[in-house]
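Its first residue numbered 33, the sequence shown is counted upward by one per residue in our numbering. Backbone N, C-alpha and C fix where the C-beta goes; we use that ideal spot for every residue, glycine too.
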Amino acid sequence: MTTGPSIDGVLVEWGERLFYPASRIVKTDATPRLNTPNRPSAAAIRQRIAATVMRRAPQVMVKVTGGGRGMGAIAAHFRYICKNGQLRMEDDRGVVREGKEAMHDLVAQWRVSGSLIPETSHRREAFNIMLSMPQGTDAQTVLKAARGFARRELRDHHYVMVLHEHQANPHVHLSVKAESIDGKRLNPRKTDLHRWRETFAEKLRELGVEAEATRQASRGANRRDERIWQVKARQQGRLSQSEEQHVKSGAGYERSHSGAFEAWAHIKKALQASDVPEDRELAKHILRFVSESAYFKEVAPRLLREAAHQDKQRTTPVQSREVVKTRPSVDIER
Numbered sequence: 033m034t035t036g037p038s039i040d041g042v043l044v045e046w047g048e049r050l051f052y053p054a055s056r057i058v059k060t061d062a063t064p065r066l067n068t069p070n071r072p073s074a075a076a077i078r079q080r081i082a083a084t085v086m087r088r089a090p091q092v093m094v095k096v097t098g099g100g101r102g103m104g105a106i107a108a109h110f111r112y113i114c115k116n117g118q119l120r121m122e123d124d125r126g127v128v129r130e131g132k133e134a135m136h137d138l139v140a141q142w143r144v145s146g147s148l149i150p151e152t153s154h155r156r157e158a159f160n161i162m163l164s165m166p167q168g169t170d171a172q173t174v175l176k177a178a179r180g181f182a183r184r185e186l187r188d189h190h191y192v193m194v195l196h197e198h199q200a201n202p203h204v205h206l207s208v209k210a211e212s213i214d215g216k217r218l219n220p221r222k223t224d225l226h227r228w229r230e231t232f233a234e235k236l237r238e239l240g241v242e243a244e245a246t247r248q249a250s251r252g253a254n255r256r257d258e259r260i261w262q263v264k265a266r267q268q269g270r271l272s273q274s275e276e277q278h279v280k281s282g283a284g285y286e287r288s289h290s291g292a293f294e295a296w297a298h299i300k301k302a303l304q305a306s307d308v309p310e311d312r313e314l315a316k317h318i319l320r321f322v323s324e325s326a327y328f329k330e331v332a333p334r335l336l337r338e339a340a341h342q343d344k345q346r347t348t349p350v351q352s353r354e355v356v357k358t359r360p361s362v363d364i365e366r
């Protein structure tokens, strides 16, 4: 067995692929290095692994649910998230508003602050974001974490947030003005969404709530997230079976999930070879976590068939061909 830098190097190299994919640099030296600036430490990777495979920490959800193309759509979203003035609205300055009149005042402010927002627009003038935690999480803690998230990630933008705690999962709706105070426009990409999830989870942990932001591929999950209309329809009992969320598929799905499982395999192998009992115990939990994942259950039958086919090919005796001796022709004898 081994311990020390060799195992830590494997954890950093492959753990980064599982938990910090956005920070990876393409075409780097494949040799594991522990002293690279801004890379997660082996201890941090161990903590993320333990939270994911041992404690099964709750996963945060951060989703862009849409965006207002003009002030008309933005105002309609304001009415929805605050229930037409019944729920409190908190803006980027920390000012809390309540009531229809306060909501209308906020709409008027957004229309003229910065570039004028027309009633209808060909581009998104605002982004609607939802931050959510599983049922049982304290709603006020979710609101505090959302507040910390917005102050870090959206600090140069006007935004409004509203807490929804009347549904099973406590969540916060954020409406963010696309144009920042200095005129730059918000355009969230996949890497931004992953960073947002990491930030939200970090803010929850700072408040004493265990939370993780592990990618679906790293968890072996294969379900598509429900759209906002599906969530509402499900809560009202109107979601038909044909409208249920479906499993993911396609080349991108296969590539990301198989890559994640390759990383898990390398990490498990390294931890199994460790002299530290806690590492070997963690390896057992990784094996259990992977084998219980939806992706493993999806591909396991295929892998077993392929393995059985390969075993059959190895064990089936090869029939020897009978060698027939013939006399050389007269020309050759000569």
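Could you give the first and the last residue of the continuous beta strand (DSSP E) run that contains residue i?
i: Tyr191; result: Tyr191 to His196
i: Ile161; result: Ala158 to Ser164
i: Met121; result: Met121 to Asp123
i: Gly370; result: Since the first residue of the chain shown is 33 and the last is 366, residue 370 is not available in this structure.
Short of 8 angstroms in beta carbon distance, which residues of its chain neighbour residue i, apart from the five on each side in sequence? Order them along the chain.
i: Glu244; result: Arg80, Ala83, Thr84, Ala89, Pro90, Gln91, Val92 and Ala233
i: Ala134; result: Gly117 and Met121
i: Asp170; result: Pro202 and Val241
i: Leu66; result: Note that Leu66 scores 44 on pLDDT, short of 50, meaning its location in the model is unreliable and no value can be drawn from it.
i: Asn254; result: Gln248, Val279, Lys280, Tyr285, His289, Ala326, Tyr327 and Glu330
i: Arg334; result: none
i: His226; result: Pro53, Ala54, Ala245 and Arg247
i: Ile57; result: In this prediction, Ile57 scores a pLDDT of 40, lower than 50, which makes its location untrustworthy; the coordinate-derived value is nonetheless stated afterwards. Correct list: empty, nothing qualifies.
i: Pro220; result: Val96, Phe159 and Trp228
Which same chain residues, not among the five before or five after residue i, have their C-beta less than 6 angstroms away from its C-beta?
i: Phe51; result: Arg80
i: His289; result: Ala249 and Tyr327
i: Ala62; result: Because Ala62 carries a pLDDT of 45, less than 50, the predicted location of this residue cannot be relied on, and no value is offered for it.
i: Leu11; result: Here the chain covers residues 33 to 366 and nothing more, so residue 11 does not appear.
i: Phe181; result: Thr231, Phe232 and Lys235
i: Ile161; result: Val96 and Leu206
i: Val94; result: Leu163, Trp228, Arg229 and Phe232
i: Glu130; result: Arg120
i: His136; result: none
i: Gly98; result: Asn160
i: Arg179; result: none
To which residues of the same chain is residue i closer than 7 angstroms at the C-beta, ignoring the five residues directly before and after it?
i: Gln304; result: Arg312 and Ala315
i: Arg143; result: Met103 and Ile149
i: Ser302; result: Inspection of the sequence shows that residue 302 is occupied by Ala rather than by Ser. If we look at Ala302 and ignore the five residues flanking it on each side, its Cβ neighbours are Ile39, Val42 and Leu43.
i: Leu175; result: Leu195 and Val204
i: Pro64; result: With a pLDDT of only 45 at Pro64, under the threshold of 50, the placement of this residue in the model should not be trusted; the figure read from the coordinates follows. Gly41, Val42, Val44 and Glu45, listed in sequence order.
i: Arg184; result: Thr231
i: Val322; result: Gly252, Phe293, Trp296 and Phe328
Assign residue i to one of two classes, buried (16 or more other C-beta atoms within 10 Å of its C-beta) or exposed (fewer than that).
i: Ala200; result: exposed
i: Lys59; result: Caution applies to Lys59, whose pLDDT of 40 falls short of 50 and renders its modelled position unreliable; the value that the coordinates give is listed next. The residue is exposed, with fewer than 16 neighbouring Cβ atoms inside 10 Å.
i: Ala283; result: exposed
i: Asp124; result: buried
i: Leu195; result: buried
i: Arg229; result: buried
i: Gly168; result: exposed
i: Thr246; result: buried
i: Ser306; result: buried
i: Ser325; result: buried
i: Thr231; result: buried
i: Ile213; result: exposed
i: Gly252; result: buried
i: Val127; result: exposed
i: Glu310; result: exposed
i: His154; result: exposed
i: Glu157; result: buried
i: His198; result: exposed
i: Ala140; result: exposed
My assumption, with CB atoms under 8 angstroms, is that residue i sits in contact with residue j. Please give the rounded CB distance.
i: His109; j: Gly117; result: His109 to Gly117, Cβ: 14 angstroms. No contact.
i: Leu239; j: Thr173; result: 5 angstroms
i: Leu236; j: Ala177; result: 4 angstroms
i: Val204; j: Leu138; result: Not confirmed; about 17 angstroms, so no contact.
i: Trp46; j: Ile299; result: 5 angstroms
i: Glu48; j: Arg78; result: So it is not a contact: roughly 13 angstroms between Cβ atoms.
i: His189; j: Ser145; result: In fact, because the Cβ distance is near 11 angstroms, the residues do not count as touching under 8 angstroms.
Identify the continuous alpha helix (DSSP H) that holds residue i and give its terminal residues.
i: Thr231; result: Lys222 to Glu238
i: His203; result: Counting along the chain, His203 falls outside any alpha helix (DSSP H), though it belongs to the beta strand (DSSP E) covering His203 to Lys209.
i: Arg155; result: Element bounds for Arg155: n/a, residue is neither H nor E.
i: Asp137; result: Lys132 to Val144
i: Gln304; result: Ala283 to Gln304
i: Ser323; result: Pro309 to Glu324
i: Ala253; result: Per DSSP, Ala253 belongs to no alpha helix (DSSP H) and is neither H nor E.
Using a threshold of 6 angstroms, is the CB atom of residue i nearer than that to any non-hydrogen atom of the ligand ADP?
i: Ser212; result: This structure simply doesn't include the ligand ADP, nor any ligand for that matter.
Exercise. Can you check the region 62-106 for any beta strand (DSSP E) of at least 3 residues that lies completely inside it and give the ranges in chain order?
Key: Listed in chain order, they are 93-100.
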